[in-house]
Structures are given as C-alpha cells and as structure tokens.
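The structure appears right after this line, and notes come after that.
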Amino acid sequence: MIPLSWYLILSAALFAIGLFGVLSRKNAIAILLGIELMLNAVNINLVSFWRYNDPTRIDGQVFAVIVFAVAAAEVAVGLALVISVYRRRNTVVADEIDLMKW
Amino acid sequence: MECREKIMTAMQIIFGITAAVMVGSAIMVVTTKNLIHAALWLIVTLFGAAVLFATLNAGFIAVIQVVVYIGAIAILFIFAIMLTRREKGDTGPGLNRGWWLSAVIAVVVFGGLTWLLQGWDGLSKAAPALGPSFDSVGLLAETLVSPEAFVLPFEVASVLLLAALVGAVYIAFQRKGEE
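As given, the protein sequences belong to chains B and W, one line each in that order. For the first sequence, my numbering begins at 6 and goes up steadily by one. For the second sequence, my numbering begins at -17 and goes up steadily by one.
Given below as structure tokens:
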C-alpha cells in the first residue's frame, strides 16, 4: 500500500515548485500557472486525507470540488485582467504593470 | 494474500512513475522560457494529478480533473498566451533578478513541510479498506445537496462562478472608441 506520507511529500514538492514560479516569473500568465500548481497540490492533500482518514465522511472530496470551482473563477478573472492590461499597456510583464505603485 | 502484495507493489511503482513525471513537468512549467510549452507541461502535471486521484479511489475527482482542469482551464491559458504574444516576448530572461531568493524560499518551505511531517505519527497509517458496495460518487452527490451538509457552500460556489464569469466578460470586453 502507498503510505500517506508519499502523497503529502509529493504535494509539498508541487506546492514549493509552484511557489517558486509565482515568486520568480516575470510574465503575469506564468505567475497564474504557478498558482495552478499550488492549487493542485492542495487538492491532492485534501483527497488523500479523505482516503486515509474515514472514507465514509466525504468532506475531503467536497472541499476538492469547491477548490475546482474557485480555481476556475480565479483563472477566468485573472486572464481577463491580463488581457485587458495587455490591450492598454501592451505588456504582460508584472514589473512593468506599475500604475498603482508609489 | 500474495496476490494482494503484488498489487500493492504495482501501485507503488505507478505512484513512483507518476510522481517523477509530475515533479519533472512542474519544474519545466516554472522554468521554460516559451510560455506555450509551459502550458503544455502544466497539462502533463494535471494528468499526473488525475492518475493520483484514481489511485486514491476518487474516480469522480479524477474525471473532473481531466474535464475541468485540462479541458477548460489549460485551454483558457493557451488562448490567453496566444492573445498576449509580442515579438520580443520570448527573448530575455523569463525569471526576474531575485530568482535565487525565491528558490531559497521554495526549498525552505519544502524542507519545513517535510520536517513537520516527520514528527507526526499519522503518517504510516494504512488506508482503510473500502467494501465492494462503497459508492463514493453517490455519497458525494448526496453530501453536496443535502441541507444538513454542504448545500449552502455548493450554492455559494455556483454564485461565485457566475459572478466571476460576468466580471471576466466585463473586464475583457473592448468598448467602442477604445484602442
């Protein structure tokens, strides 16, 4: 049987890689790609805790479904913002989007 | 009993291959300069997550992962990347100047999480066996719409999705007379 720790360590690794992408990429769309990786790590954690605790209580899967919905909403709004900024400023580099920087 | 042992080892091999593919493609997602390639590597990672959900007996989540994440979100990413390309977009470094600092932060987060997990005694627990009549999809459906359980968060999530879609259309809409 696969121990629970394997899933947890894999999802910690995915979370760390996504965090690196969010912190270090220049392109705003690449930052959103990193956020997707982090959300997936969270989902793997939720489903594996559901499986290893008490499978008759399905709360873990419910949380995973709600994370799916939130991820879809976040990507739709985020990409619309990036496209809108690209139309006005002709850039998607996060460093150059500094209109509200003081 | 021996057959059962063999199945478990096969599961471990599947997990190992999937984990290696997922970590490798995730590293490609955050380091590839060409963003289209990064989005395609993200699809590989999402497929790996679907395989993991299947090994966890969460068939419905695995299917939703393929349909929603790969079918909708990854395609949305690819379209957005194609809409925002410019000639010099793929030249120059894809990472900012302080990337080594973010690498240090990521390694510290990973190390801290694994160190925390070392001291927890629930780690080596075996998964409880599922009976042949266990139906996780039916249970999930009943829990999602049952008034004693999760019907309110479920409806709130629907309203959130609707609001996000209206907001996305409003933000990305090009009005007349605007460049």
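For each residue, glycine too, the CB sits at the ideal point set by N, CA and C. Just so it is clear, the structure is predicted and the values come from calculations on it, not from any experiment.
In the three-state reduction of the DSSP assignment, leucine 77(W) falls in the strand class, which pools E and B. No Cβ of chain B is located within less than 8 Å of the beta carbon of leucine 22(W). Within chain B, the residues placing a beta-carbon under 8 Å from that of leucine 126(W) are Val67 and Val70, ordered along the chain. The alpha-carbon separation between valine 97(B) and tryptophan 81(W) amounts to approximately 18 Å. For phenylalanine 29(W), none of the residues of chain B pass the 7 Å Cβ criterion, the least Cβ distance being about 11 Å.
Bridge pairing for asparagine 95(B): absent [DSSP].
The shortest CA-to-CA distance from phenylalanine 68(B) to any of Val49(W), Val48(W) and Ala40(W) is the one to Ala40(W). Taking leucine 28(W) as the centre and dropping the five residues before and after it, the same chain places the C-beta of Tyr51 and Ile52 closer than 6 Å to its C-beta, in chain order. Taking 8 Å as the upper bound for CB-CB distance, leucine 37(B) and valine 80(B) are in contact here, some 7 Å apart. The C-alpha of glutamine 66(B) is placed about 9 Å away from the C-alpha of serine 118(W). Per the C-alpha coordinates, the member of Phe116(W), Glu137(W), Gln100(W) and Asn16(W) positioned closest to alanine 74(B) is Glu137(W). At a cut-off of 8 Å, the C-beta of valine 48(W) has no neighbouring C-beta in chain B.
Straight through space, the alpha carbons of methionine 105(B) and glycine -2(W) are spaced by roughly 46 Å. Contact between the region 76 to 93 of chain W and the region 17 to 33 of chain B is present: three or more C-beta pairs spanning the two stretches fall below 8 Å. Under the DSSP assignment, valine 33(W) falls in the alpha helix (DSSP H) whose first and last residues are 17 to 37.
Our two residues, tryptophan 23(W) and leucine 112(W), have alpha carbons roughly 34 Å apart in a direct line.
The DSSP-derived three-state label of arginine 30(B) is strand. Between asparagine 16(W) and aspartate 100(B), the CB-CB gap reaches or exceeds 8 Å. Selection Ser53(B), Ala76(B) and Asn32(B) evaluated against tryptophan 11(B) yields Ser53(B) as nearest (Cα-Cα). For the 8 Å CB-CB criterion, leucine 13(B) and leucine 99(W) form a contact. Around the Cβ of serine 115(W), a 10 Å sphere holds fewer than 16 other Cβ atoms; the residue is exposed.
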